[in-house]
Amino acid sequence: MPGDRYARNAIQRWAHHTGHRLSDLLYPLMRHTLPYRPKMWWIPTLPVALHRRRRSPARPWTEPVAPPPEELKTVPGVKLDPVAQQKAMEEAPLHDFIRLNPEMRGVHSPTGRMWVSLLSTSPRVQRAARRRAGFTRGSKPAERKAAADPAALTAALRGEAARLGLSAIGITHYDKKYNFAEYYGLNVGDTIIVGILEQNYDSTQTAPSIRAEKAALTTYAELEDCMRLLATWIHAQGYKARPEGFVGESMNIPYAVQAGLGQLGLNGQLLSPHAGSRARLHVMSTDAPFVHDEPVDYGIEGVCDECQICVRRCPPGAIPAARKDSRGVLKAKLNTKRCLPVMGKTAGCSVCMKTCPVQRFGLPAVLAEFEATGQILGKGTDDLEGYDWPVDGKHYGPGQKPRIGPELIETPGFDFDPNRTEPPSDTKKDLSSDERLGALGY
1 MPGDRYARNA IQRWAHHTGH RLSDLLYPLM RHTLPYRPKM WWIPTLPVAL
51 HRRRRSPARP WTEPVAPPPE ELKTVPGVKL DPVAQQKAME EAPLHDFIRL
101 NPEMRGVHSP TGRMWVSLLS TSPRVQRAAR RRAGFTRGSK PAERKAAADP
151 AALTAALRGE AARLGLSAIG ITHYDKKYNF AEYYGLNVGD TIIVGILEQN
201 YDSTQTAPSI RAEKAALTTY AELEDCMRLL ATWIHAQGYK ARPEGFVGES
251 MNIPYAVQAG LGQLGLNGQL LSPHAGSRAR LHVMSTDAPF VHDEPVDYGI
301 EGVCDECQIC VRRCPPGAIP AARKDSRGVL KAKLNTKRCL PVMGKTAGCS
351 VCMKTCPVQR FGLPAVLAEF EATGQILGKG TDDLEGYDWP VDGKHYGPGQ
401 KPRIGPELIE TPGFDFDPNR TEPPSDTKKD LSSDERLGAL GY
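Residue numbers (the UniProt record's numbering): 1 to 442.
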């Protein structure tokens with residue numbers, strides 16, 4: 001187990017807190033003077049290769065993952081009720097989060113307080129999104145020379161994904177239940193490719209921090225380019241491909257679970273066996289005859305039930321300890337009303353990611369420790385569970401949590417309703433062709 005190489009000393013905690021305070025003090029000015037976020041692509045940035053603390057390792061995962069012990073097994077993927085899923089889609093279709101909650105783009109949005117991270121990373125992300133939109137607008141498949149062997153074509157796709165630096169890809173079928181209603185009909189085929197890219201390990205362990213948030217956003221920019229280039233390769237084989245963009249036109253996590261890339265953690269995120277939730281997702285549709293993957297029981301749900309660290313360590317207490325049915329899926333339903341404001345006001349928070357043993361050590365190490373001792377690797381240690389809270393500059397070890405007052409939960413002028421099922425009437429309109437090139441704002 002790693003030592004305390006990520007622990008800050010007193011001076012570093014003071015600097016961490018001071019940076020947060022300065023960001024907070026400047027926010028009233030910056031929210032009115034910063035360029036409109038979707039138009040920041042023109043701001044110059046250094047090549048990502050020069051940002052050692054932000055860039056992805058850009059290498060495929062190759063370490064084998066052993067089957068879990070019997071006591072940690074549940075079901076492949078996640079437990080579903082297809083009838084309830086279909087009923088939920090018919091009664092209340094899923095919507096693009098920003099269209100459903102347009103307040104998220106207003107000057108009072110709590111995520112606006114992440115302006116320091118956004119100022120240096122949004123230009124890179126938006127340039128990648130513009131390149132992807134240009135591909136969607138102008139690129140056409142080459143003439144198909146002959147019918148392809150699905151197994152050989154799939155193997156070639158995986159080889160190209162590895163060459164581009166993707167951590168992994170999964171292949172599954174298109175499912176309208178996971179598509180946002182605003183983007184029905186934009187898929188170009190019945191196959192979905194899920195791309196996954198690991199974000200910088202060292203930066204993630206510093207969460208909550210601007211450094212960790214910059215690493216996450218930079219990974220999204222890298223992933224945009226990787227998936228666009230993978231789509232270009234598919235076009236060269238004579239098939240259609242349409243990458244959705246990192247904001248997405250679908251729910252990426254259900255597709256990733258369906259494609260065998262991981263399982264749903266109690267923290268609501270995809271836990272991949274090699275990096276936990278320290279990975280970013282992107283999907284694209286295609287009509288190429290790739291061989292589909294199947295959901296896998298990695299034992300992650302069982303690990304989460306034994307672990308529960310994120311439940312105990314979540315500063316606002318937004319993660320439930322038990323799963324329940326939600327739209328036909330048995331999962332932990334997060335308290336978004338508490339999570340979202342705190343996330344926006346603490347550089348993305350990510351305490352649930354930072355304190356997850358699967359993220360920190362990888363599932364193979366966690367399973368090996370459990371089989372040897374019956375214990376969760378790192379549980380109860382400050383090395384795993386401790387974090388520095390930027391709001392007050394204090395360190396909180398196992399059994400300790402910061403005070404979450406109304407100033408963090410409440411956001412004057414921001415009316416967020418997590419139970420809203422339909423977009424406000426003034427946002428309901430047909431999408432223009434340009435908006436159909438990607439999710440709203442990117």
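In this text, a Cβ means the ideal position worked out from N, Cα and C, and glycines have one as well. Note that the coordinates shown come from a computational prediction; the quantities given were computed from them, not determined experimentally.
Beta-bridge pairing of residue i - partner residues as DSSP gives them
i	result
proline 243	Met284
lysine 324	Lys331
leucine 270	Leu264
glutamate 198	Ala279
leucine 80	Val329
residue 495	Residue numbering for the chain in the displayed model covers 1 to 442; residue 495 lies beyond these limits and cannot be assessed.
tyrosine 178	DSSP lists no partner for tyrosine 178.
histidine 20	Paired residue(s): none; histidine 20 is not in a bridge.
threonine 191	His173 and Thr286
tryptophan 389	Lys394
alanine 88	In the DSSP output, where bridge partners are listed per residue, alanine 88 has none listed.
serine 250	Asn179
alanine 168	Ile196
Exposure label - residue i; buried when at least 16 CB within 10 Å
i	result
proline 424	exposed
glycine 185	exposed
tryptophan 14	exposed
aspartate 434	In this predicted model, aspartate 434 has a pLDDT of only 46, less than 50, meaning its place in the structure is not dependable; the value taken from the coordinates is given anyway. Exposed, by the Cβ-count rule.
alanine 241	buried
arginine 5	exposed
glycine 189	buried
isoleucine 11	exposed
alanine 92	exposed
glycine 380	exposed
alanine 212	buried
arginine 52	exposed
histidine 173	exposed
threonine 136	buried
residue 505	Outside the shown range of the chain, which is 1 to 442, sits residue 505, and nothing can be said about it.
threonine 154	buried
alanine 321	exposed
histidine 20	buried
residue 460	Residue coverage of the chain in this structure runs from 1 to 442, which leaves residue 460 outside it and unanswerable.
Presumed contact (8 Å Cβ cut-off) between residue i and residue j, rounded CB distance
i	j	result
phenylalanine 414	proline 110	6 Å
arginine 280	glutamine 199	6 Å
lysine 345	proline 418	Not really, about 17 Å apart at Cβ, beyond 8 Å.
alanine 318	leucine 334	5 Å
threonine 286	isoleucine 193	6 Å
glutamate 222	arginine 99	Not really, about 27 Å apart at Cβ, beyond 8 Å.
glycine 352	cysteine 310	Per the sequence shown, the amino acid found at residue 352 is cysteine instead of glycine. Going by Cβ atoms, the distance from cysteine 352 to cysteine 310 rounds to 4 Å, so yes, they are a contact pair.
methionine 114	alanine 347	6 Å
Own chain partners of residue i with C-beta closer than 7 Å, once the 5 adjacent residues on each side are dropped
i	result
methionine 251	Leu94 and Tyr178
proline 243	Arg132, Met227, Arg228, Ala231, His282 and Met284
aspartate 388	Arg8, Arg13, His16 and His395
glycine 268	Ala332 and Leu334
aspartate 382	Gly397 and Pro398
tryptophan 41	Pro123, Gln126, Arg127 and Arg130
histidine 32	Val107
CB contact flag (residue i, residue j, <9 Å)
i	j	result
glycine 195	valine 283	yes
threonine 62	glycine 299	no
leucine 384	arginine 360	yes
isoleucine 409	proline 316	yes
residue 475	proline 208	The requested residue 475 does not occur in the structure, where the chain is confined to residues 1 to 442.
glycine 248	glutamate 224	no
leucine 264	serine 56	no
leucine 266	alanine 332	yes
alanine 7	histidine 395	yes
alanine 49	glycine 165	no
residue 443	glycine 328	Residue 443 lies beyond the residue range present for the chain, which begins at 1 and ends at 442; the question has no answer from this structure.
phenylalanine 290	proline 402	no
aspartate 293	isoleucine 171	yes
methionine 104	phenylalanine 97	yes
valine 342	isoleucine 404	yes
arginine 313	tyrosine 201	no
alanine 288	alanine 148	yes
threonine 66	proline 364	This sequence places alanine at residue 66; threonine is not what is there. In contact: alanine 66 and proline 364 (Cβ atoms closer than 9 Å).
Cut-off 6 Å between Cβ atoms - residues of its own chain near residue i, not counting five sequence neighbours on either side
i	result
threonine 121	Lys214, Leu217 and Thr218
glycine 77	Val257 and Pro295
tryptophan 233	Glu160
serine 326	Lys333
Beta-carbon proximity list for residue i, same chain, < 8 Å, skipping 5 on both sides
i	result
tyrosine 36	Residue confidence is low: tyrosine 36 scores 47 on pLDDT, short of 50, so the model does not pin down where it sits. No coordinate-derived value is stated.
phenylalanine 370	Pro69, Leu72, Val303, Glu306, Ile376 and Leu377
histidine 108	Thr411, Pro412, Gly413 and Phe414
lysine 145	Gly238
histidine 235	Ser139, Lys140, Pro141, Ala142 and Ala241
valine 366	Val303, Pro357, Val358, Ile376 and Leu377
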